[in-house]
Every structure is written in structure tokens, then in C-alpha cells.
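Peer 1:
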Amino acid sequence: MYAVIKTGGKQYRVASGETLKIETLVADVGSTVSFDEVLLVGEGESVKVGAPLLAGGSVKAEVLAHGRGDKIRIVKHRRRKHYHKEMGHRQNFTQVKITEIVA
């Protein structure tokens, strides 16, 4: 069984037992969070699609860790204008493990 959930402005296809990194959540490590914005639930050939959300659908997950992603480099450069700017960015994330999908 799999589901498509919406969190942090993004959509994720999740399955039970799967681990993924999502946008930062305000939750303690080891606690359980519930995602109520379920867009789709599928199992084999049967697929339930919400319009836009699936009524009564939820996905439960356990918070494993909080962290920061790899650094990306941002470079701005204007040729012949003596302008050169470099910056770095590290995005915060929360790592969760999907425990249950309720259709």
C-alpha cells in the first residue's frame, strides 16, 4: 500500500516502513506525527484519488532525526563589471519513518 501526501509545500509518494527526509517539522525525536493531507492511496490495481484531499485519509510517521543537508554553492557573476558574489546554503530537514497508512 502506498500514498501520496502533501507536507512542506511538496508532495511525496510514501509506503509503509519507508524512511524519507522532509521539510523541518516542529516535533521531538521519537514522537509520532500524523499527515492529514493525503491526496491518493493505492494498493495493487485499486487507487483512491481525492478531490483534492482524500476524506478520512491519514499517514502516521515516527520522527527519527533532525539535521541539515549538504551545502550548495550560489555564485553570481557579471562579466566585465567587477561583480562576483558567492554564498552557501544548507537546508534543514526532518527524517521520518512511515509507520501506518489509513485510507
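Residue -12 is where the sequence shown starts when you use my numbering, and the numbers rise one by one after that. Each residue gets a CB set at the ideal place from its N, CA and C atoms; glycine is no exception. Keep in mind the model is a prediction, meaning the values are calculated, not measured.
1. By how many angstroms is the C-alpha of residue 52 removed from the C-alpha of residue 36?
2. Which same chain residues end up closer than 8 Å to residue 80 when comparing Cβ atoms and leaving out the 5 residues on each side of it in sequence?
3. Please classify residue 8: does DSSP put it in a helix, a strand, or coil?
4. Can you look up residue 82 in the DSSP assignment and give me helix, strand or coil?
5. Output the residue ranges of the beta strand (DSSP E) runs that lie fully inside the stretch -4 to 58 and measure 3 residues or longer, sorted by chain position.
6. Could you check whether the stretch 15 to 29 touches the stretch -11 to 5, counting it as contact only if at least three pairs of C-beta atoms, one from each stretch, sit closer than 8 Å?
7. With a threshold of 16 other CB atoms inside 10 Å of the CB of residue 40, please say whether the residue is buried or exposed.
8. Grab me the residues of residue 46's own chain with a C-beta within less than 8 Å of its C-beta, minus the 5 sequence neighbours each way, in chain order.
Peer 2: The structure says:
1. 31 Å
2. 8, 9, 10, 11, 53, 54, 55 and 56
3. strand
4. strand
5. -3 to 2, 6 to 9, 19 to 22, 25 to 30, 33 to 36 and 45 to 55
6. yes
7. exposed
8. -10, -8, 1, 21, 22, 25, 85, 87, 88 and 89
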